[in-house]
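Student:
Protein chains in written order, with our numbering: chain A, 1 to 327; chain B, 1001 to 1327.
#1: Would you list, in chain order, the members of the segment 39-65 of chain A that have their beta-carbon closer than 9 Å to a beta-carbon of chain C?
#2: In the segment 62-108 of chain A, which residue ranges form an unbroken beta strand (DSSP E) of at least 3 residues, counting only runs that do not cross its ends?
#3: Check whether the Cβ of residue 256 (chain A) lies closer than 9 Å to any Cβ atom in chain B.
#4: Closest to residue 1163 (chain B) by C-alpha separation, out of B:1169, B:1114 and B:1154, would be which residue?
#5: Of all the CB atoms in chain B, is at least one closer than 9 Å to the CB of residue 175 (chain A)?
#6: Within a Cβ cutoff of 6 Å, which residues of the same chain sit near residue 1304 (chain B), ignoring the five residues on either side of it in sequence?
#7: At the 9 Å Cβ level, is residue 1246 (chain B) part of the contact set with chain A, yes or no?
#8: Which residues mark the beginning and the end of the alpha helix (DSSP H) in which residue 335 (chain A) is found?
#9: Using a Cβ distance threshold of 8 Å, determine whether the segment 1236-1247 of chain B contacts the segment 1034-1052 of chain B, with at least three qualifying pairs required.
#10: Tell me, to the nearest whole angstrom, how far the beta carbon of residue 1257 (chain B) is from that of residue 1220 (chain B); I am working on the premise that it is less than 8 Å.
#11: Name the two residues that bound the continuous beta strand (DSSP E) containing residue 169 (chain A).
#12: Near residue 193 (chain A), which residues of its chain fall below 8 Å by C-beta distance, leaving aside the five closest residues on each side in sequence?
#13: Just the C-alpha distance for residue 200 (chain A) and residue 253 (chain A), rounded to the nearest angstrom, thanks.
#14: Can the beta-carbon of residue 31 (chain A) be found less than 9 Å from the beta-carbon of residue 96 (chain A)?
#15: Should residue 1123 (chain B) be flagged as near chain A, meaning a C-beta pair shorter than 9 Å?
#16: Please list, in chain order, all residues of the same chain as residue 1224 (chain B) whose beta carbon is under 7 Å from its beta carbon, the five residues on each side excluded.
#17: According to DSSP, simplified to helix, strand and coil, what is residue 1128 (chain B)?
#18: How long is the line joining the alpha carbons of residue 1282 (chain B) and residue 1117 (chain B), rounded to whole angstroms?
#19: Going by DSSP in three states, residue 1278 (chain B) sits in which element: helix, strand or coil?
#20: For residue 1315 (chain B), which residues of its own chain have a beta-carbon under 8 Å away from its beta-carbon, when the five flanking residues on both sides are left out?
#21: Label residue 29 (chain A) either buried or exposed according to how many other C-beta atoms from any shown protein chain fall within 10 Å of its C-beta, with 16 as the threshold for buried.
#22: Measuring alpha carbon to alpha carbon, tell me which of B:1309, B:1300 and B:1313 ends up nearest residue 1321 (chain B).
#23: May I have the straight-line CA-CA distance separating residue 310 (chain A) from residue 110 (chain A), to the nearest angstrom?
#24: If you scan the segment 1205-1258 of chain B from start to end, which runs of the alpha helix (DSSP H) of 4 or more residues do you find wholly inside it?
#25: Would you mind telling me which residues of chain B sit closer than 9 Å to residue 260 (chain A), beta carbon to beta carbon, in chain order?
#26: Going by C-alpha to C-alpha distance, which of B:1027, B:1035 and B:1039 sits closest to residue 1307 (chain B)?
#27: Considering only DSSP beta bridges, list what residue 19 (chain A) is partnered with.
#28: Our contact map puts residue 1247 (chain B) next to residue 1237 (chain B) with C-beta atoms below 8 Å; I'd like the distance itself, whole angstroms only.
#29: With 9 Å set as the bound, which would you pick, yes or no: does the beta-carbon of residue 240 (chain A) sit closer than that to a beta-carbon of chain B?
#30: Just curious, the beta strand (DSSP E) that residue 1319 (chain B) is in, first and last residue?
#31: Look at the Cβ atom of residue 1063 (chain B), then the Cβ atom of residue 1057 (chain B), and state whether they are nearer than 9 Å.
#32: When burial is assigned at 16 or more other CB atoms within 10 Å of the CB, is residue 33 (chain A) buried or exposed?
#33: Could you tell me which chain A residues have their CB closer than 9 Å to the CB of residue 1252 (chain B), listed as they occur along the chain?
#34: Does DSSP classify residue 1178 (chain B) as helix, strand or coil?
#35: Between residue 1093 (chain B) and chain A, is the shortest Cβ-Cβ distance under 9 Å, so that the two count as touching?
#36: Considering only C-alpha positions, which residue in the set B:1074, B:1066 and B:1142 is nearest to residue 1093 (chain B)?
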């Protein structure tokens, strides 16, 4: 990659290069074959050096990002060839993964789900809904970027826990996905001129929980439609990942509504991934929790797929199927 | 009063008028003699129609505000002449108080404490420190307007619960009060040019709890000096009570530090006043919790005393001793 020159990174910022793999370090590294590569919005902020104080990747380096991979060669006792793992090897068809950073995957019908609903986006949704907001039956749950894997999973968890769920998404197709597939009670298209009225109507007395994925403007709107005592999870700010002034939130409604505004960083919950899998795997396997993926085939399509994600054009979890034979 | 014309209300906005009291409604109202009148910053926002959606008092009306009073005449079975009560009768030397709105006062050495440390400001501090932030031993507790009755009491409660306490206040005299009388570990004068550095140094690794009484600028500074997982109580915004754009704070540090921002409205805790009194009365009577009052004598001095409060010139709880013989 090169440093993006425009407002958003584009496909032309990337090129494919052939590189020889070094031998894995004995006892420490695994040689893996990448099946699926995950694209997530936070990579946009990584690219700008705006993510958790981490430096931006240097020109010529690969972008970070998780993959689901198959172990090809292992000299580590815990892993054998054929094992499925998740980890970070960059945008590549093969790579070396430190065994300590390989996440062994529970067997499920679609292993790619480990990058979406069962992966970091799903864990994020679980942490916000169940650990921070503590959603329960009777809650009125609002979430934006509701067609994406975090928002869509958050709303589905809330629905499964007995909340009424109102999504916000961009465009009628995404809203149809949120309503008809994810099973939200309502989804509001924020491109529509009267969307705030429609949002208020869908919420009725107001939200008791709001899950923020987008940014300051949508958060301010959400804050104007909460009930007394509402919990707001601050999860993502995709609108602000690529530039502009620091986003702010109005204080008066937080006090007037006795709101609890709760910052979420998913890394804090990595040690508890098993709790989410215990809950989610049965839901995924019997279809109560829907896995919707936006898959591009082949590493050559990675740049265009990433550009589409940065432009918000994905429908569900953005992935690249790197191995043509991946299940 | 008239409508204030300047940036802050001033003494000249008020006049004293003689009015005849109507007879108390039998069985419903008490005739009371006011001993002390309480001045609190929120009255500034009431005056501007910016408080909890309540209308501003009309020109010619008295300002609201609690008093400590002695029952003179009662036709209500629960109250007899000589009883001490708190309630709202406006700025006046006598008044009628609905018996349902009279708060019967626990006997303490200084009854005026029921307007400060044991009153609404103290209840506010208790609610924020113990119910929202749940301060415990080992916390690093930061609070601004620390010389005032809310901030000063909040810090004292936190200290008594085992927290290290850092106050922020305006000017060396207030800071001396906070350190030497309230017993904070440190107090930073925000009028000093290098105060942010001094504040950071006093906090060390950062605050684990911050209690906000002032407004957006100080809150943003506080947010820049919190530890991961900090709780922030949003209590007051005195800087914004009289005008200006709606205050906002940056979102990024809330997420990056996984902060919990908690809106506080003291009215929610009125039913639990007894819990605070059970804790506080022994502390007040044995001197562990200090009662510092800024008292003006006589109703005629009420306008000037109110102006001083609005300008932040008070040292401790702002009161007017209305009855010359008040204990």
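Heads up, the beta-carbon is just placed ideally off N, CA and C, and yes, glycines get one too. Remember, predicted model here, so these are calculated numbers, not experimental data.
Tutor: Judging by the given coordinates:
#1: Of the protein chains in this structure, namely A and B, none is chain C.
#2: 66-74, 84-88 and 94-98
#3: As a position in the first chain, residue 256 (chain A) is number 256, starting the count at 1. Yes - at least one Cβ of chain B is within 9 Å of the one on residue 256 (chain A).
#4: For the purposes of this step, residue 1163 (chain B) is taken as residue 163 along the second chain, with counting starting at 1. If we check each option's Cα against that of residue 1163 (chain B), B:1154 comes out closest.
#5: For the purposes of this step, residue 175 (chain A) is taken as the residue at position 175 of the first chain. Cβ-Cβ to chain B under 9 Å: no for residue 175 (chain A).
#6: Numbered from its first residue, the second chain carries residue 1304 (chain B) at position 304. Here the set comprises 1011.
#7: Here residue 1246 (chain B) refers to the residue found at position 246 of the second chain. Yes, contact with chain A.
#8: Only positions 1 to 327 of chain A appear in the structure, and residue 335 (chain A) is not among them; the question remains open.
#9: yes
#10: Here residue 1257 (chain B) is taken as the residue at index 257 of the second chain, counted from 1. Here residue 1220 (chain B) is taken as the residue at index 220 of the second chain, counted from 1. So it is not a contact: roughly 13 Å between Cβ atoms.
#11: In the first chain, residue 169 (chain A) corresponds to position 169, counting from 1. Note, residue 169 (chain A): beta strand (DSSP E), 164-169.
#12: Against the first chain, residue 193 (chain A) aligns to sequence position 193. There are no such residues.
#13: Stepping through the first chain from its first residue, residue 200 (chain A) is reached at position 200. Stepping through the first chain from its first residue, residue 253 (chain A) is reached at position 253. Using only the alpha carbons, I get a separation of about 16 Å.
#14: Locating residue 31 (chain A) in the first chain gives position 31, where the first residue counts as 1. Locating residue 96 (chain A) in the first chain gives position 96, where the first residue counts as 1. In contact: residue 31 (chain A) and residue 96 (chain A) (Cβ atoms closer than 9 Å).
#15: Locating residue 1123 (chain B) in the second chain gives position 123, where the first residue counts as 1. So no, residue 1123 (chain B) is outside the interface.
#16: Within the second chain, the letter at position 224 stands for residue 1224 (chain B). Result list for residue 1224 (chain B): 1253, in chain order.
#17: Within the second chain, numbered from 1, the residue matching residue 1128 (chain B) stands at position 128. Looking at residue 1128 (chain B) - three-state DSSP - the assignment turns out to be helix.
#18: Within the second chain, numbered from 1, the residue matching residue 1282 (chain B) stands at position 282. Within the second chain, numbered from 1, the residue matching residue 1117 (chain B) stands at position 117. Going by the C-alpha atoms only, they are around 12 Å apart.
#19: Indexing the second chain from 1 puts residue 1278 (chain B) at position 278. Three-state result, residue 1278 (chain B): helix.
#20: On the second chain, position 315 is the one that residue 1315 (chain B) refers to. If we look at residue 1315 (chain B) and ignore the five residues flanking it on each side, its Cβ neighbours are 1147, 1173, 1174, 1177, 1292 and 1294.
#21: Numbered from its first residue, the first chain carries residue 29 (chain A) at position 29. Buried is the call here.
#22: Start at 1 with the first residue of the second chain, and residue 1321 (chain B) comes out as number 321. Minimum Cα distance to residue 1321 (chain B) is reached at B:1300.
#23: Residue numbering aside, residue 310 (chain A) sits at position 310 when the first chain is read from its first letter. Residue numbering aside, residue 110 (chain A) sits at position 110 when the first chain is read from its first letter. Taking the straight line joining both Cα atoms gives about 25 Å.
#24: 1216-1223 and 1252-1256
#25: For the purposes of this step, residue 260 (chain A) is identified with residue 260 of the first chain, where counting begins at 1. Here the neighbours are 1132, 1260, 1261, 1262 and 1263.
#26: Start at 1 with the first residue of the second chain, and residue 1307 (chain B) comes out as number 307. For the residues B:1027, B:1035 and B:1039, the minimum Cα distance to residue 1307 (chain B) belongs to B:1039.
#27: Here residue 19 (chain A) is taken as the residue at index 19 of the first chain, counted from 1. DSSP lists no partner for residue 19 (chain A).
#28: Translated into the one-based positions of the second chain, residue 1247 (chain B) becomes position 247. Translated into the one-based positions of the second chain, residue 1237 (chain B) becomes position 237. Residue 1247 (chain B) to residue 1237 (chain B), Cβ: 6 Å. Contact.
#29: Position 240 of the first chain, counting from 1, holds the residue named residue 240 (chain A). For residue 240 (chain A), the answer is yes, since a Cβ of chain B falls inside 9 Å of its Cβ.
#30: The sequence position of residue 1319 (chain B) within the second chain is 319, counting from 1. Unbroken beta strand (DSSP E) run through residue 1319 (chain B): 1317-1321.
#31: Against the second chain, residue 1063 (chain B) aligns to sequence position 63. Against the second chain, residue 1057 (chain B) aligns to sequence position 57. For residue 1063 (chain B) and residue 1057 (chain B), yes; Cβs fall inside 9 Å.
#32: Position 33 of the first chain, counted from the start, is the residue given in the question as residue 33 (chain A). Buried, since its Cβ has 16 or more Cβ neighbours within 10 Å.
#33: In the second chain, the residue the question calls residue 1252 (chain B) occupies position 252. Chain A residues near residue 1252 (chain B): 50, 237, 240, 246 and 247.
#34: For this step, residue 1178 (chain B) is matched to residue 178 along the second chain. Looking at residue 1178 (chain B) - three-state DSSP - the assignment turns out to be helix.
#35: Start at 1 with the first residue of the second chain, and residue 1093 (chain B) comes out as number 93. No, residue 1093 (chain B) lies away from the interface with chain A (no Cβ there is under 9 Å from its Cβ).
#36: Position 93 of the second chain, counted from the first residue, corresponds to residue 1093 (chain B). Checked all of B:1074, B:1066 and B:1142; the closest Cα to residue 1093 (chain B) is B:1066.
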